[in-house]
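Before any comments, here is the structure.
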Amino acid sequence: DGPQASSSAQAPDSMQAAQQDTVRTGAAVLAADDMARLQNKTIGLVVNHTAMVDSTHLIDLVDRAPNVELGALFGPEHGLRGEAEAGEEVKDGRDAKTGAPIYSLYGDTRVPQSKMLDGLDALVFDIQDVGARFYTYISTMGLAMQAAAQNDVDFMVLDRPNPIGGEHVSGFVLDTTYQSFVGKYPIPVQHGMTAGELARMIKGEAWLSGLDALDLEVVSAENWSRGKLRPEMHLPWIAPSPNIPDFETALVYPGAAFFEATAASEGRGTDAPFKLVGASWADPQVLAGTLDARDLPGVRFEPATFTPESEDLAGKQAKGVRHVITDAEAYRPVATGVHVLHAFYQRAPEPDSFLTRPDWLAKLSGTDR
Numbered sequence: 041d042g043p044q045a046s047s048s049a050q051a052p053d054s055m056q057a058a059q060q061d062t063v064r065t066g067a068a069v070l071a072a073d074d075m076a077r078l079q080n081k082t083i084g085l086v087v088n089h090t091a092m093v094d095s096t097h098l099i100d101l102v103d104r105a106p107n108v109e110l111g112a113l114f115g116p117e118h119g120l121r122g123e124a125e126a127g128e129e130v131k132d133g134r135d136a137k138t139g140a141p142i143y144s145l146y147g148d149t150r151v152p153q154s155k156m157l158d159g160l161d162a163l164v165f166d167i168q169d170v171g172a173r174f175y176t177y178i179s180t181m182g183l184a185m186q187a188a189a190q191n192d193v194d195f196m197v198l199d200r201p202n203p204i205g206g207e208h209v210s211g212f213v214l215d216t217t218y219q220s221f222v223g224k225y226p227i228p229v230q231h232g233m234t235a236g237e238l239a240r241m242i243k244g245e246a247w248l249s250g251l252d253a254l255d256l257e258v259v260s261a262e263n264w265s266r267g268k269l270r271p272e273m274h275l276p277w278i279a280p281s282p283n284i285p286d287f288e289t290a291l292v293y294p295g296a297a298f299f300e301a302t303a304a305s306e307g308r309g310t311d312a313p314f315k316l317v318g319a320s321w322a323d324p325q326v327l328a329g330t331l332d333a334r335d336l337p338g339v340r341f342e343p344a345t346f347t348p349e350s351e352d353l354a355g356k357q358a359k360g361v362r363h364v365i366t367d368a369e370a371y372r373p374v375a376t377g378v379h380v381l382h383a384f385y386q387r388a389p390e391p392d393s394f395l396t397r398p399d400w401l402a403k404l405s406g407t408d409r
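According to the numbering used here, the sequence shown is numbered sequentially starting from 41.
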């Protein structure tokens, strides 16, 4: 009985500690203030399915807020509900629940047009990023900032923590020769910033033109420190895109995404995208042994055989390795990704037929070096 009594007595303290450690997103901060910053304004939301406050979507919070008018919705890559696959065109439409027009920012039009912004006082951006330069939500944000500036519309970022932390940056800084939608800013591959911090830098460093007059406001997240990784934030994980189903995938992604430039598979369509990488000709045991011998921090490698559902190897057997994270804080995504790519390249029967898209690798890495 004694230990049970002691345990129950400690429970409120532990619950209070967890509440104190829980990160509050910018959207939660805005909602707690009864949307005061948006009062008497017509708002356009640049959001997707990650724009949640507890169990309620930001769209619904804004739609029912008094003295706030929901004027338009703008959806990025993967769409407003996050269901479209990478690269799949997203269509315009109308939101069934609110009646607001939906404009796609991933398709023929990636920049909000003046007619889409007509009547809006502010654009509000709330999308979970994953901390990799080539994850396109931050490109969408920058283009929306430019459109807002050109049309005298305010811009607000409801910030969310970087799920893979803010203490470490790695990878080449983008050579602007390779600037594209998967790399718009001169930042490293693993950039270590939040979307709000990036927005301030994009404006302050004039990385995009025409932003001098932009009225930019960032509603910062609370209780996030740069060393915190997603599991320490006490927030539910919402997959920001179909192939980033969990935190470990987000952690591996900044390095494993380089496999998009090869004839190999990065595991799309499996239960472990990006953690699984493989090729039709690979020897899983040899690759796992080779990579483990390199003693890379925070990870070990298991031999793996899998069948991807997309890419060139769709429906075919791929052989390779599975990343097994042993220490998320020690793990270095970009360096690990380069090592894994190198191990495959060394063993490819014809290296040139393995690296099939060198132009795409240059865009992802930000360099041709």
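Cβ coordinates follow ideal geometry from the N, Cα and C atoms, glycine included. Predicted, not measured: the structure shown is a model, and the values here were computed from it.
Using a C-beta cut-off of 8 Å, the stretch 225-236 makes contact with the stretch 193-204, since at least three inter-stretch Cβ pairs fall below that distance. The beta carbon of R334 sits closer than 7 Å to those of H379, all from its chain and outside the five residues before and after it, given in chain order. Here N107 is exposed, its C-beta having fewer than 16 other C-beta atoms within 10 Å. Remark: three or more beta-carbon pairs, one from each stretch, lie closer than 8 Å, so the stretch 219-226 and the stretch 163-176 are flagged as touching. Inclusion of L331 and A383 in the CB contact set at 9 Å is warranted, their separation being smaller than that value. Sequence-distant partners of V213 (beyond 5 residues in either direction) whose C-beta falls short of 8 Å from its own C-beta, in its chain, are P226, I227, P228, G406.
L353 and D323 have their C-alpha atoms spaced approximately 16 Å apart. Bridge partners of H97 according to DSSP: M92. Only residues of its own chain outside the window of five on either side were considered, and among them G338 have a CB closer than 6 Å to the CB of D367, listed in chain order. Inter-residue distance for L395 and P280 is about 28 Å (C-alpha atoms, whole angstroms).
Comparing alpha-carbon positions, the option among L120, F299, P282 lying closest to K131 turns out to be L120. Take the alpha-carbon of D73 and the one of A375: they are about 42 Å apart. The residues S154, L157, in chain order, have a CB closer than 7 Å to that of N191 in the same chain once the five nearest residues on each side in sequence are set aside. Taking the Cβ atoms as the reference, I83 lies roughly 6 Å from G111, within the contact range of under 8 Å.
Looking at D148, L113, Y371, the one whose alpha-carbon comes closest to that of P294 is Y371. The Cβ neighbour count for K356, taken over all protein chains shown within 10 Å, is under 16; the residue is labelled exposed.
For Q325, the closest of K315, A68, L336, P343 by C-alpha to C-alpha distance is P343. From the listed residues V93, V364, N263, the smallest Cα separation to D61 is found for N263. In the assembly as shown, V164 is a buried residue. Its beta-carbon has 16 or more other beta-carbons within 10 Å. Within the model, the alpha-carbon separation for T96 versus V102 is close to 10 Å. Around R397, the same chain offers A301 as residues with beta carbons nearer than 6 Å, after the five sequence neighbours per side are excluded. Taking a 10 Å sphere around the C-beta of I278, we find fewer than 16 other C-beta atoms and assign the residue as exposed.
In the structure shown, D166 adopts extended strand secondary structure according to DSSP, grouped into three states. Listed in chain order, the alpha helix (DSSP H) elements of length 4 or more contained wholly in the stretch 135-163 are 154-157. Every beta strand (DSSP E) of 3 residues or more that sits fully in the stretch 290-356 is shown, in chain order, as 316-319, 339-346. By the Cβ-count criterion, Q168 is buried, with 16 or more other Cβ atoms from all chains shown falling within 10 Å of its own Cβ.
Boundaries around F195 are those of the beta strand (DSSP E), 194-198, since no alpha helix (DSSP H) includes it. Spatial neighbours of D408 in its own chain (CB-CB distance under 7 Å, excluding positions within 5 residues in sequence) are listed in chain order as A402. Taking a 10 Å sphere around the C-beta of N80, we find fewer than 16 other C-beta atoms and assign the residue as exposed. Put simply, of P373, R340, A388, G377 the residue whose alpha carbon is nearest the alpha carbon of K359 is A388. Counting C-beta atoms within 10 angstroms of its own C-beta, D166 has 16 or more neighbours from the protein chains shown and is therefore classed as buried. The beta carbons of A319 and A304 sit about 4 Å from each other, so the pair counts as a contact at 8 Å.
In the three-state reduction of the DSSP assignment, E237 falls in the helix class.
Under the 10 Å beta carbon count, K268 is surrounded by 16 or more other beta carbons and is classified as buried. Rounded to whole angstroms, T347 and D161 show a C-alpha spacing of 49 Å. By the C-beta density criterion, Q386 is exposed, having fewer than 16 other C-beta atoms within 10 angstroms.
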